[in-house]
Amino acid sequence: MFKELFLPAASPGVTQSLIVILAVIGVGVFAGRLRVGKVSLGVSAVMFTGLLFGHAGYRIQPDILVFIRDFGLILFVYGIGIQVGPSFSSSFRKEGLIFNALAAGTVLLGVFFAWLVHYVTHTGIENTVGLMSGAVTNTPGLGAAKSLLQEIQNKYPQKTFADPAIAYAITYPLGVLGIIAAIIGAKTLFAIDATKETQLFEQERSSQQGALVRKKCRVLHVEVIGKSIYRLLKENDLSDLIISRIKHSGSTVVNTPTLDMQLRDKDVMVIVGKPKSVERFIALVGKESTDSAIESEQDIITKSIFVTRQSATHKKLSELDLFNRYGLKVTRVYRSGMELLASPSLELYYGDKLRVVGSREDIEEVEKMIGNSEKRLLEPDFLSLFGGLIIGIALGSVPIVVPALPVPVKLGFAAGPLLAALFISRYGGIGVIHSYINAGAIYFMKDLGICLFFAAVGVHAGEKFYQNFIHYNGWNWLMYGSLITFVPLLAMVIVGRLLLKLNFLQLSGIMSGAYTDPAALAFSTAYFDSDVPSQAYATVYPLVTILRIFSAQILILLLI
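In the numbering used here, each number is its position in the sequence shown, counted from 1, plus 168.
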């Protein structure tokens, strides 16, 4: 019995297939933790473990293999989309065009070298496309090429074509290791300090997003005494400030001020807003204060409230009108690691954390309306999760008819769920499907998905890897593939780092995204101990996937 379960079999049953998958993941995760110097493969070691298992004769039932591979990829890309969605649109407006232009240029350069290999070496175009897809680790492009070749063969039965998957399997490990090697090599060449790059990124993001500050100030200037808060803010174009507390001179009572409250001499206030606006306001009214009495929790308190009731979800703060109804001031809203100023037009999403100031009694009343159930946030909402996955799969299955191509193009299981997750996360949800997934669940979903994907791909590629390598003179194919892998990467690093001065953590994400390589992304996030590469990866991934699909098919149509 145990022999049937644990020894290699040409036609394994369901149980042995599951054991192979679990064994590959377990051994791969362990191997990924081993370090050579400061370098470890991380979760990407699962794929190379799969290659060894496949070469040793272990197999996975074909139907199970396809399911595990596709489902793992769907979970991984959906998790990335949910994680980076809230900041995706703002990042795209500011730097996404540069990122996508750099990634698109890398794709086109790789296509050029693929054509050059075909032209110089007379390698069949179907094998060339397989080489290219493997060298850039792009499974959707391979699938599109195979579908197109099948369509052409259906129309012209007398034609026969080589299977591009063979060349793909030979160059795929080169693509994965090549990108990882390029990231390590570029880091060494440019003497990159990962900690410093992270700090620079955080500083840049803070300046772009307008990080909020909280300061105390005292009213001293005669010209503002007697003016209402509303008039003062209006006249000086400081509507992006929130005054959460005020204490009159000589009093120990702290209040949440109304907009029509008039300022008195030596009043002390707490202001929340963007740094420049806060500094302007302090200079306008007086000077910064060190009065600690205004922070007393005796009269009013500060508390965080989570949005967990549907009645508050997708409502603007102006619609909830918490100040006029309950006397509360909302100063900040925290969402997916971002700190947002609580402006009246801000729309609340499920899972948002509101920072409120007011009396205990008022806060308790607002909690009933907002929800504030942390326990509910910890419970997985499978309706939202699987509903979002269904939308992503449906989107990836929509055929895109292109007149020049004999078969429709589809976004597939990679780009479809990613685009759906980006949209759902950016807008907080669609109907009853919301975007909130706690951080631990997102990491689990991403890691589980990529492990399943690598295990399936590795075992399948390792099945006949050695035989195909010998039969097709794999050393030549590896040499051709290395041109397609390394030359565009070198060009990207030179342009991105030396000319565009991009943050290296972002550049590593663009490198992984331009090659649609989950392994390189998993390596980057572990190697730099940062999620910065994920955001850049998600920014370029949709466009690059579409370009890879189209380029593989166009090469076949033009050169078959």
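Ideal Cβ placement from N, Cα and C applies to all residues, glycine included.
- [ ] Report buried or exposed for Pro325, applying the criterion of at least 16 other Cβ atoms within 10 angstroms of its Cβ.
- [x] Counting from one through the sequence shown, the residue named residue 325 turns up at place 157. So Pro325 ends up on the exposed side.
TODO: Just confirm the distance between the C-beta atoms of His286 and Thr274, as a whole number of angstroms; I'd bet it's less than 8 Å.
DONE: Against the sequence shown, residue 286 aligns to sequence position 118. Against the sequence shown, residue 274 aligns to sequence position 106. Their Cβ separation, rounded to whole angstroms, is 19 Å, which puts His286 and Thr274 out of contact at 8 Å.
TODO: Report the option in Glu515, Asp520 and Asp530 whose CA atom is closest to the CA atom of Leu490.
DONE: By one-based count along the sequence shown, residue 490 stands at place 322. Of the listed residues, the one whose Cα sits closest to Leu490 is Asp530.
Task: DSSP beta-bridge partners of Gly526 - done: The count along the sequence shown starts at 1 and reaches residue 526 at position 358. Paired residues: Ile469.
TODO: Just the C-alpha distance for Glu401 and Glu507, rounded to the nearest angstrom, thanks.
DONE: Within the sequence shown, numbered from 1, the residue matching residue 401 stands at position 233. Within the sequence shown, numbered from 1, the residue matching residue 507 stands at position 339. Sequence check: residue 401 is Leu here, not Glu. So the two alpha carbons sit approximately 22 Å from each other.
- [ ] Assuming Lys578 contacts Gly564 (C-beta within less than 8 Å), just tell me the rounded distance between them.
- [x] On the sequence shown, position 410 is the one that residue 578 refers to. On the sequence shown, position 396 is the one that residue 564 refers to. Their Cβ separation, rounded to whole angstroms, is 6 Å, which keeps Lys578 and Gly564 in contact under 8 Å.
Open item on the list: Buried or exposed for Asp685, going by 16 or more other Cβ atoms inside 10 Å?
Closed with: Position 517 of the sequence shown, counted from the start, is the residue given in the question as residue 685. When all chains shown are included, Asp685 counts as buried.
Task: Lys355 versus Leu241: straight-line alpha-carbon distance, rounded - done: The count along the sequence shown starts at 1 and reaches residue 355 at position 187. The count along the sequence shown starts at 1 and reaches residue 241 at position 73. Lys355 and Leu241: Cα-Cα distance of roughly 28 Å.
TODO: Have a look at the DSSP bridge pairing and note the partners of Met537.
DONE: Here residue 537 refers to the residue found at position 369 of the sequence shown. Its beta-bridge partners do not exist; DSSP assigns none.
Task: 4 or more residues per run - each alpha helix (DSSP H) lying fully within the region 559-615 - done: 580-594
Open item on the list: Strictly by DSSP, which residues pair up with Gln371?
Closed with: Locating residue 371 in the sequence shown gives position 203, where the first residue counts as 1. None, per the DSSP bridge assignment.
Open item on the list: As a quick exercise: from Ala191, Gly247 and Leu173, pick the residue whose alpha carbon is nearest that of Ala583.
Closed with: Here residue 583 refers to the residue found at position 415 when the sequence shown is read from its first residue. Residue Gly247 is the option with its Cα nearest to Ala583.
TODO: Select from Ile189, Asp697, Ile236 and Lys455 the residue whose C-alpha is nearest the C-alpha of Val390.
DONE: Counting from 1 along the sequence shown, the entry for residue 390 is found at position 222. Residue Lys455 is the option with its Cα nearest to Val390.
- [ ] Express the C-alpha separation of Ala704 and Lys614 in angstroms, rounding to a whole number.
- [x] The residue you call residue 614 lines up with position 446 of the sequence shown. The residue you call residue 704 lines up with position 536 of the sequence shown. About 16 Å.
Open item on the list: If I measure Cβ to Cβ from Leu317 and keep anything under 7 Å in the same chain, skipping five residues before and after, which residues do I get?
Closed with: Start at 1 with the first residue of the sequence shown, and residue 317 comes out as number 149. Result list for Leu317: Glu294, Phe329 and Ile724, in chain order.
- [ ] May I ask you to report which of helix, strand or coil DSSP gives Gly555?
- [x] As a first step, residue 555 must be located in the sequence shown, where it is residue number 387. Three-state result, Gly555: helix.
Task: Range covered by the alpha helix (DSSP H) that runs through Ile714 - done: If you number the sequence shown from 1, residue 714 lands on position 546. Its alpha helix (DSSP H) spans residues Val700 to Leu727.
Open item on the list: When you compare the region 356-372 with the region 380-390, are there three or more beta-carbon pairs, one atom per stretch, that lie closer than 8 Å?
Closed with: no
- [ ] Could you tell me the boundaries of the beta strand (DSSP E) in which Lys455 lies?
- [x] Start at 1 with the first residue of the sequence shown, and residue 455 comes out as number 287. From DSSP, the beta strand (DSSP E) with Lys455 extends over Gly454 to Glu456.
- [ ] Give the single residue among Asp467, Ile397, Thr291 and Ile638 whose Cα lies nearest to the Cα of Ser419.
- [x] Reading the sequence shown from its first residue, position 251 is the one you call residue 419. Out of Asp467, Ile397, Thr291 and Ile638, Asp467 has the C-alpha closest to the C-alpha of Ser419.
TODO: Count the other C-beta atoms from every protein chain shown that fall within 10 angstroms of the C-beta of Asp699, then say buried if there are 16 or more, exposed otherwise.
DONE: Locating residue 699 in the sequence shown gives position 531, where the first residue counts as 1. Counting Cβ neighbours within 10 Å, Asp699 comes out buried, since at least 16 surround it.
Task: Distance between Arg544 and Tyr611 (C-alpha atoms, nearest Å) - done: Here residue 611 is taken as the residue at index 443 of the sequence shown, counted from 1. Here residue 544 is taken as the residue at index 376 of the sequence shown, counted from 1. Taking the straight line joining both Cα atoms gives about 19 Å.
Open item on the list: Please give me, in chain order, every unbroken run of the beta strand (DSSP E) with length at least 3 that falls completely inside the region 401-460.
Closed with: 410-415, 436-441 and 454-456
- [ ] Answer with buried or exposed for Gly394, where buried requires no fewer than 16 other C-beta atoms within 10 angstroms of its C-beta.
- [x] By one-based count along the sequence shown, residue 394 stands at place 226. With fewer than 16 Cβ atoms within 10 Å of its Cβ, Gly394 is classed as exposed.
- [ ] For Lys395, name the three-state secondary structure that DSSP assigns.
- [x] For the purposes of this step, residue 395 is identified with residue 227 of the sequence shown, where counting begins at 1. It is coil, neither helix nor strand.
TODO: With DSSP collapsed to three states, give me the class of Tyr518.
DONE: Looking up residue 518 in the sequence shown gives position 350. The answer is coil: DSSP assigns Tyr518 none of H, G, I, E or B.
TODO: Hey, could you find the ends of the beta strand (DSSP E) Lys327 is sitting in?
DONE: For this step, residue 327 is matched to residue 159 along the sequence shown. Lys327 -> no beta strand (DSSP E), and no H or E assigned at all.
TODO: May I have the straight-line CA-CA distance separating Ser504 from Gln251, to the nearest angstrom?
DONE: By one-based count along the sequence shown, residue 504 stands at place 336. By one-based count along the sequence shown, residue 251 stands at place 83. Going from the Cα of Ser504 to the Cα of Gln251 covers about 7 Å.
Task: Own chain partners of Leu715 with C-beta closer than 7 Å, once the 5 adjacent residues on each side are dropped - done: Translated into the one-based positions of the sequence shown, residue 715 becomes position 547. Cβ neighbours of Leu715 beyond the five flanking positions: Ala272 and Val275.
Open item on the list: The alpha helix (DSSP H) that contains Glu487, what's its start and end?
Closed with: Looking up residue 487 in the sequence shown gives position 319. Segment Leu485 to Leu488, the alpha helix (DSSP H) holding Glu487.
- [ ] Indicate whether Pro512 and Ser486 have their beta-carbon atoms separated by less than 7 Å.
- [x] Sequence index remark: in the sequence shown, residue 512 carries index 344 (1-based). Sequence index remark: in the sequence shown, residue 486 carries index 318 (1-based). Against a cut-off of 7 Å, the Cβ pair of Ser486 and Pro512 comes out as a contact.
- [ ] State the beta-bridge partners of Met506 as determined by DSSP.
- [x] As a position in the sequence shown, residue 506 is number 338, starting the count at 1. The partner list for Met506 (beta bridge, DSSP) reads Arg503.
Task: Straight-line Cα distance separating Phe637 from Gly298 - done: Looking up residue 298 in the sequence shown gives position 130. Looking up residue 637 in the sequence shown gives position 469. Each residue's alpha carbon lies about 14 Å from the other.
Task: Through-space distance from Glu515 to Tyr689, alpha-carbon basis - done: Within the sequence shown, numbered from 1, the residue matching residue 689 stands at position 521. Within the sequence shown, numbered from 1, the residue matching residue 515 stands at position 347. Reading off the sequence shown, one finds Leu at residue 689, where the question assumed Tyr. If I take the Cα positions, the gap works out to 32 Å.
Open item on the list: Just to confirm the assignment, what range does the beta strand (DSSP E) spanning Lys632 have?
Closed with: Taking the first residue of the sequence shown as position 1, residue 632 is located at position 464. Note, Lys632: premise wrong, no beta strand (DSSP E); not H, not E.
TODO: Using DSSP bridges, identify the partner residues of Lys497.
DONE: For the purposes of this step, residue 497 is taken as residue 329 along the sequence shown, with counting starting at 1. Paired residues: Val525.
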